[in-house]
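Our numbering puts the first residue of the sequence shown at 5, with every later residue one more than the last.
Note sheet for the following structure.
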Amino acid sequence: MHRTTLFLSLFLLPAMLLRAQDGSGPDKEFADAVKRGDKAYDGGGLDIDQALVAYEQALALQPENAEVLVKIGLCHLNGAQRHESLTYFRKAAELAPDMPRVHFLLGFALQLNGEWDAAITAFEEHKQRSLGIPDPEPMYNRADRYIAECRNGRSLSASPIPAEVALVPGINSAHADYGPLPTADGSTLYFTSRRAGTTGGKRNKVTNEYFEDIYASTLEGDKWTAPAPLPEPLNSKGNDATLGLSADGSTMLVFRDGPGMGDIHRSTQVNGVWGAPEPLEGLNTKLQESSAWTTADGQWTYFVSDRGEEGLGGQDIFRSRWIAETNSWGPAENLGPDVNSSYDEEGVFVTPDGNTIYFSSKGHTTMGGYDIFRSTFTDGRWSRPENLGWPINSADDDLFFVLMPDGSTGYFCSVRPGGLGMDDIYRVEFTAPQHLGQAR
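Written out as structure tokens, the structure is:
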């Protein structure tokens with residue numbers, strides 16, 4: 005639910021390069037392969053694997069068909085290895101430079117691969133060729149935004165921060181894995197996964213991904229054990245995802261399907277058993293609440309919500325104070341334009357002193373997709389969000405950052421080259437510990 009997905013419709017691609025197919029023989033075989041690919045990609049449920057097989061069969065028959073190259077590129081953009089789309093978009097642009105949108109897609113793939121200057125050139129080429137005519141697919145009208153992101157990326161990657169980032173071994177799968185929640189002593193890692201074997205075994209009808217389940221792994225020596233889904237009632241046949249964990253590891257905030265588009269719930273662990281999640285009354289709406297973290301003193305819950313007129317654009321970060329007199333959460337407060345951008349925010353984490361938040365945003369100075377930012381509450385207002393920088397942030401989505409109590413180690417998820425597929429969980433080791441403050 006959290007990943008920046010494209011799902012650009014193939015039917016909005018210019019049907020200009022597929023040869024007319026009649027009769028039998030190689031031409032009909034080619035046309036049939038393309039139709040199978042289109043049905044798998046755009047026929048009511050995104051099946052990337054089947055679409056890729058069909059398009060690659062078509063490409064074998066017509067190796068220089070630019071439209072098929074673009075379709076394969078789009079499959080990779082929506083698949084596990086997004087950066088691999090570059091090969092196909094680059095060749096398509098060389099074969100058919102006048103093909104609408106091809107330079108935009110080339111620019112997007114170059115950006116994902118950190119080729120900032122080449123990406124800017126491709127986006128500028130797209131702008132020149134589109135002649136300012138609005139595109140029916142909104143994404144293609146955002147070249148200026150992506151150019152700004154590339155400039156951010158060029159600047160940030162030129163001055164990397166002193167930190168080491170690496171995949172967490174033994175945790176990740178070929179499916180989406182995200183939302184890491186380590187216990188304070190580092191002995192257990194809870195996280196969300198869409199891998200096969202989730203409770204109920206259901207798949208999303210649009211993305212074809214498995215529903216979310218909460219998994220756990222324990223550290224034995226220096227190795228993580230094979231992750232296992234937590235049993236019901238914490239997991240259900242719907243979507244269940246990790247959001248926040250208390251310092252003592254006994255309370256977990258989870259995302260779960262609810263009356264709206266998904267709500268914040270709380271589960272308590274007693275004698276090693278997680279209880280049935282209960283909704284946090286007063287915080288949830290008919291729209292989606294997708295992320296949450298409660299401060300160490302239990303007085304505030306920071307959360308992400310899509311609240312329409314109450315927001316500044318897309319998903320925003322709100323907070324609510326616990327009112328002991330009424331035994332309930334108070335009115336939600338938007339953190340305002342110092343923190344929230346006109347784009348989406350996600351994945352909030354609060355330091356023990358309650359004064360610093362880490363969160364992801366598609367706005368501010370992102371270098372592409374969601375980047376992780378930090379803001380501190382000082383003298384009655386939030387500081388300007390600071391990009392955590394390269395190599396923590398990348399040209400794709402970087403989300404759900406959390407810090408260990410020593411401030412030297414963090415966990416987050418990312419979509420980047422070198423991963424196992426989809427979102428993967430990474431560990432970062434800071435040369436200089438990050439300030440956490442003391443719990444109130």
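By construction, the Cβ of each residue, glycine as well, lies at the ideal position given by its N, Cα and C atoms.
Residue interval of the beta strand (DSSP E) (run including residue i)
{"i": "Thr196", "result": "192–197"}
{"i": "Arg323", "result": "320–327"}
{"i": "Thr413", "result": "413–418"}
{"i": "Asp428", "result": "428–434"}
{"i": "Asp410", "result": "Per DSSP, Asp410 belongs to no beta strand (DSSP E) and is neither H nor E."}
{"i": "Ala167", "result": "167–171"}
Cross-strand partners of residue i (DSSP beta bridge)
{"i": "Met256", "result": "Leu249, Ser271"}
{"i": "Asp459", "result": "One cannot answer for residue 459 here, as it falls past the ends of the chain, which runs 5 to 444."}
{"i": "Leu453", "result": "A query on residue 453 cannot be resolved here, the shown segment of the chain reaching from 5 to 444 and no further."}
{"i": "Phe307", "result": "Ala296, Phe322"}
{"i": "Trp278", "result": "Gln273"}
{"i": "Asn338", "result": "Phe322"}
{"i": "Ser332", "result": "Ile327"}
{"i": "His186", "result": "The sequence as given places Pro at residue 186; His does not occur at that position. Looking at the DSSP assignment, Pro186 forms a beta bridge with Leu193."}
{"i": "Asp244", "result": "Arg260"}
{"i": "Glu285", "result": "Glu285 pairs with nothing; no bridge assigned."}
{"i": "Leu291", "result": "Beta-bridge pairing links Leu291 to no other residue."}
Boundaries (first-last residue) of the alpha helix (DSSP H) holding residue i
{"i": "Gly111", "result": "106–116"}
{"i": "Glu33", "result": "30–46"}
{"i": "Ala300", "result": "Premise fails: Ala300 is in no alpha helix (DSSP H) and is neither H nor E."}
{"i": "Asp148", "result": "147–162"}
Cβ neighbours of residue i in the same chain (closer than 7 Å, five flanking residues each side left out)
{"i": "Leu424", "result": "Asn176, Ser177, Ala178"}
{"i": "Phe15", "result": "A caution first: Phe15 carries a pLDDT of 47, below 50, which makes its placement in the model unreliable, though a value can still be read off. Excluding positions up to five away in sequence, the list reads Asp46."}
{"i": "Leu56", "result": "Ile76, Cys79"}
{"i": "Ile52", "result": "Cys79, Asn82, Gly83"}
{"i": "Val169", "result": "Pro395, Ile396, Tyr430, Val432"}
{"i": "Ala123", "result": "Gly111, Leu114, Gln115, Cys154"}
{"i": "Arg385", "result": "Asp342"}
{"i": "Phe127", "result": "Phe108, Gly111, Ala147, Tyr150, Ile151"}
{"i": "Arg86", "result": "His80, Leu116, Asp400, Val419"}
{"i": "Thr289", "result": "Gly264, Ser309, Arg311"}
{"i": "Leu403", "result": "His6, Tyr182, Glu350, Gly351, Ser364, Tyr374, Phe416, Cys417"}
{"i": "Lys227", "result": "Gly174"}
{"i": "Ile321", "result": "Tyr306, Val308, Leu339, Val343, Asn344, Glu349, Val352, Phe363"}
{"i": "Asn239", "result": "Thr203, Asp217, Ile218, Pro233"}
Other residues of its chain near residue i: CB distance less than 6 Å, five sequence neighbours each side excluded
{"i": "Gly393", "result": "Leu160, Ile165"}
{"i": "Met426", "result": "Ala84, His179, Ala180"}
{"i": "Trp297", "result": "Gly248, Tyr306, Val352, Phe353, Val354"}
{"i": "Gly279", "result": "Ser271, Thr272"}
{"i": "Gln292", "result": "Met265, Gly266, Asp310"}
{"i": "Met256", "result": "Leu249, Ser271"}
{"i": "Ser387", "result": "Ser379, Thr380"}
{"i": "Ala44", "result": "Asp51, Gln54, Ala55"}
{"i": "Gly318", "result": "Tyr347, Asp348"}
{"i": "Pro281", "result": "Val258, Arg260, His269, Ser271"}
{"i": "Lys366", "result": "Tyr347, Asp348, Tyr374"}
{"i": "Gly41", "result": "Ala55, Ala58, Tyr59"}
{"i": "Pro409", "result": "Ala188"}
{"i": "Ala62", "result": "Phe34, Ala37, Val38, Val72"}
{"i": "Ala96", "result": "Ala70, Leu73, Val74, Val106"}
{"i": "Pro421", "result": "His87"}
Near the ligand ADP: residue i beta-carbon under 6 Å from a heavy atom
{"i": "Arg94", "result": "Only the bare structure without any ligand can be found here, which leaves the ligand ADP out of the picture."}
Beta-carbon proximity list for residue i, same chain, < 8 Å, skipping 5 on both sides
{"i": "Thr64", "result": "In the sequence as displayed, the identity of residue 64 is Ala instead of Thr. Cβ neighbours of Ala64 beyond the five flanking positions: none."}
{"i": "Trp333", "result": "Leu284, Glu285, Gly286, Leu287, Thr305, Ser324, Arg325, Trp326, Ile327"}
{"i": "Thr192", "result": "Pro186, Ala220, Ser221, Thr222, Leu223, Gly253"}
{"i": "Tyr144", "result": "Arg105, Phe108, His130, Ser134"}
{"i": "Asn359", "result": "Thr380, Phe381, Thr382, Gly441"}
Inset, instruction - Within the segment 197–240, note down every full beta strand (DSSP E) run reaching 3 residues or more, in order along the chain. - result: Note on the segment 197–240: whole beta strand (DSSP E) runs with a minimum of 3 residues are 217–224, in chain order.
Inset, instruction - Pick out the complete alpha helix (DSSP H) segments inside the segment 352–399, 4 residues or longer, and give them in chain order. - result: If only complete runs of 4 or more residues are kept, the segment 352–399 shows no alpha helix (DSSP H) anywhere.
Inset, instruction - Kindly confirm or deny that the segment 243–252 and the segment 208–220 touch, where touching means at least three C-beta pairs closer than 8 Å. - result: Inter-segment contact for the segment 243–252 and the segment 208–220 is present: three or more beta-carbon pairs are separated by less than 8 Å.
Legend entry - the segment 333–346 touching the segment 378–386, judged by at least three CB pairs closer than 8 Å: Yes: the two stretches touch, three or more of their Cβ pairs being nearer than 8 Å.
Legend entry - Minimum length 4: unbroken alpha helix (DSSP H) runs contained in the segment 61–108: If you keep only unbroken alpha helix (DSSP H) runs of at least 4 residues inside the segment 61–108, you get 70–81, 89–99.
Legend entry - Cβ contact (3+ pairs, closer than 8 Å) linking the segment 113–122 and the segment 83–93: Touching, yes, given that three or more Cβ pairs across the two stretches are closer than 8 Å.
Legend entry - Cβ contact (3+ pairs, closer than 8 Å) linking the segment 297–311 and the segment 347–358: For the pair of segments examined, the segment 297–311 was found to touch the segment 347–358: the number of CB pairs separated by less than 8 Å reaches three.
Inset, instruction - Taking 8 Å as the threshold, find out whether the segment 264–276 comes into contact with the segment 199–214 through three or more Cβ pairs. - result: These segments do not touch.
Legend entry - the segment 97–107 in contact with the segment 122–136 per 3-pair CB rule at 8 Å: By the Cβ test, the segment 97–107 is in contact with the segment 122–136, since at least three Cβ pairs between them sit closer than 8 Å.
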